[in-house]
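So in the numbering used here, spot 95 of the sequence shown is number 119, and the numbers just go up one at a time. Worksheet for the structure shown next.
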Amino acid sequence: MMEQRRISRACDACKRRKVRCNGQSRCQQCTHVGLRCTYASTPTSRSRKRALARGSVIAECRTLSFQPSQGGQPEQTLASRVVSISIPASIVSHPNPSFFHEFLHEYERYVFPMSPVIPASEVQDMISKMDDSRDAASFVYIFAAVTLNLTRGEPVQEAPATRERIATLLTRSLEHRRPLGFDAQPTIVSVMCSLFTEMCSVGLRRLDLGFMYLREAISLLYMLHAHSDEALAEFDMPERARLQRAYWECFIHERFTALTYNRPPCLTALRGLPDHDPSLPEDVEAGFNHTIDNFCLVDREFLEYWLGERLGVSAKWIENKQQQLEDNCWHHEVLQLPGMMQADLIITRHWLRTLTWQIALSNTLLSSSPNSCLLLSLSFPLRLSNQLRQFLVTIPRNMVGIHGSGILEKLFEIANVITDVVLHLPHASGDETIQRIHDIIFLKNFVYSFAGFQTLRPEALTQKFEMIREKYPEIREIELLL
């Protein structure tokens with residue numbers, strides 16, 4: 025009796041392949057062909073007339089089960105998947121909706137607060153329309169990809185498998201995208217589809233591709249006249265506020281891209297923060313507005329100094345910018361937000377302070393004199409290092425990792441500057457030396473603990489840490505105690 029009940033239900037893969045399933049938690053058929061064995065609600069039946077060719081279901085299940093690549097060169101696989109789309113969307117069937125539903129909770133918890141435009145309820149509605157709408161299908165695939173991109177802090181040895189999964193979902197999204205017709209008008213969904221594609225492309229280290237899709241999202245926003253106050257006034261709430269948030273998110277991404285990858289920006293800041301949207305959780309709205317405040321400090325003058333020859337900068341400008349970035353009122357408000365938002369906002373602000381210090385260094389405005397202004401001191405990054413450590417020990421590590429490659433880029437830049445300062449400044453007094461060593465060991469262990477950090481090729485940074493070990497032999501004893 026128990027045996028009959030056990031085998032009365034077939035797993036999803038066996039149902040689709042129409043083979044006998046033994047009903048075990050990992051059935052014999054899936055074990056034999058190497059598929060993921062899952063049990064979900066019964067899908068709509070498929071007539072034999074519309075049945076797929078023999079072997080195609082196995083191939084699809086293997087792809088959507090995201091089995092780790094067995095090849096020796098995963099980067100080639102990623103490149104071929106993202107660049108070359110060879111499978112017509114019309115013959116690719118979708119996974120069971122439950123596959124996408126599993127991402128909704130993490131999307132709502134981790135992705136939406138940092139990208140508050142398309143709520144999980146709308147995504148759920150699009151999941152139900154995937155078979156009827158290519159636009160819905162394209163967004164659902166990229167929604168899953170961006171959620172996976174931001175929420176899988178796996179060990180280093182497993183990271184290639186995650187990148188393969190993201191690349192597969194990204195490719196499926198691109199397969200289902202429709203070209204914008206001659207008389208067609210973009211939607212907020214198509215804008216965010218392009219922006220999520222940019223985020224995933226950057227996470228896969230396809231930086232040129234990411235920049236292209238960022239510019240595509242910006243172009244779609246211009247078609248919607250999101251840059252025009254007069255045009256936005258024609259939209260009702262909450263659509264007007266959503267367009268404003270989408271514009272600001274593109275502004276933030278473009279500023280980050282300019283500072284990190286030296287890409288020219290084209291967006292200007294809107295006149296004010298997004299209109300208040302009662303449908304948005306209070307902490308999400310506050311956190312997003314603080315992120316806007318962060319990147320509004322990267323004004324045209326800042327960009328000209330950073331992207332240009334960095335000449336003609338005055339000490340007064342450096343002091344003013346550092347004082348703006350040290351705003352105690354801003355810090356107090358940020359500390360009232362959830363830890364995930366605190367991590368992004370505070371690390372970003374430390375990163376911007378580090379960049380400002382580098383602009384000053386390029387203009388020989390810094391001094392090693394103990395009587396010099398702290399904001400114009402050569403040792404200023406050491407103070408930032410200590411402040412950053414004091415903050416990072418107060419929050420769970422996953423609150424940092426959840427932000428993906430962008431926050432790792434910022435930590436990389438901060439660590440790179442701090443190691444340079446430690447290497448080139450003369451030896452300090454005993455207590456100060458120990459403090460420096462504690463801070464640098466903590467920072468090294470922290471940044472190298474993230475799987476994605478290895479994709480930044482930190483060999484030069486590793487070499488600098490080794491040089492610090494040689495400069496400060498006592499570091500070995502302290503490492504044993506930590």
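By construction, the Cβ of each residue, glycine as well, lies at the ideal position given by its N, Cα and C atoms. Just so it is clear, the structure is predicted and the values come from calculations on it, not from any experiment.
N-terminal and C-terminal residue of the alpha helix (DSSP H) that residue i is part of
i, result
"C320", "306-320"
"E132", "Premise fails: E132 is in no alpha helix (DSSP H) and is neither H nor E."
"V445", "429-448"
"I242", "231-247"
"M216", "212-227"
"Y329", "324-331"
"L174", "158-175"
"M423", "422-425"
"Q209", "Element bounds for Q209: n/a, residue is neither H nor E."
"E498", "Premise fails: E498 is in no alpha helix (DSSP H) and is neither H nor E."
"Q148", "144-151"
"I276", "263-285"
Cβ of residue i within 8 angstroms of any chain B Cβ
i, result
"K495", "The structure shown contains no chain B, having only a single protein chain."
Beta-carbon contacts of residue i that lie in its chain and below 6 angstroms, excluding the five residues immediately before and after
i, result
"G227", "N173, G428, S429"
"A250", "L267, Y271"
"I151", "P121, F124, V164"
"R500", "none"
"A160", "M150, K153, M154"
Sub-8 angstroms separation of residue i and residue j beta-carbons
i, j, result
"L128", "I166", "no"
"I142", "M247", "no"
"K434", "I492", "no"
"I442", "L406", "yes"
"P298", "A339", "no"
"A439", "L408", "no"
"T186", "V135", "no"
"H314", "E357", "yes"
"S473", "R421", "yes"
"L321", "L349", "yes"
"P482", "F436", "yes"
"S22", "L245", "Nothing about residue 22 can be reported from this structure: the residues present for the chain run from 25 to 506 only."
Burial state of residue i, where buried means 16 or more other Cβ atoms lie within 10 Å
i, result
"T380", "buried"
"D36", "buried"
"Y285", "exposed"
"C51", "buried"
"F312", "buried"
"F206", "exposed"
"P497", "exposed"
"D155", "exposed"
"D368", "buried"
"P224", "According to the sequence as given, residue 224 is Cys; it is not Pro. So C224 ends up on the buried side."
"P288", "exposed"
"Q209", "exposed"
"L283", "buried"
Beta-carbon contacts of residue i that lie in its chain and below 8 angstroms, excluding the five residues immediately before and after
i, result
"R158", "A113, H200, R201, R202"
"D307", "P137, L361, P362, M365"
"K488", "N440, T443, D444, L447"
"L238", "S218, L219, E222, C274, H277, E278, T281"
"D317", "W354"
7 angstroms Cβ shell around residue i - same chain, five flanking residues per side excluded
i, result
"S303", "P262"
What are the complete beta strand (DSSP E) segments, minimum 3 residues, inside the segment 382-411? none
Length-filtered (4 minimum) alpha helix (DSSP H) runs lying within the segment 346-374: 352-358
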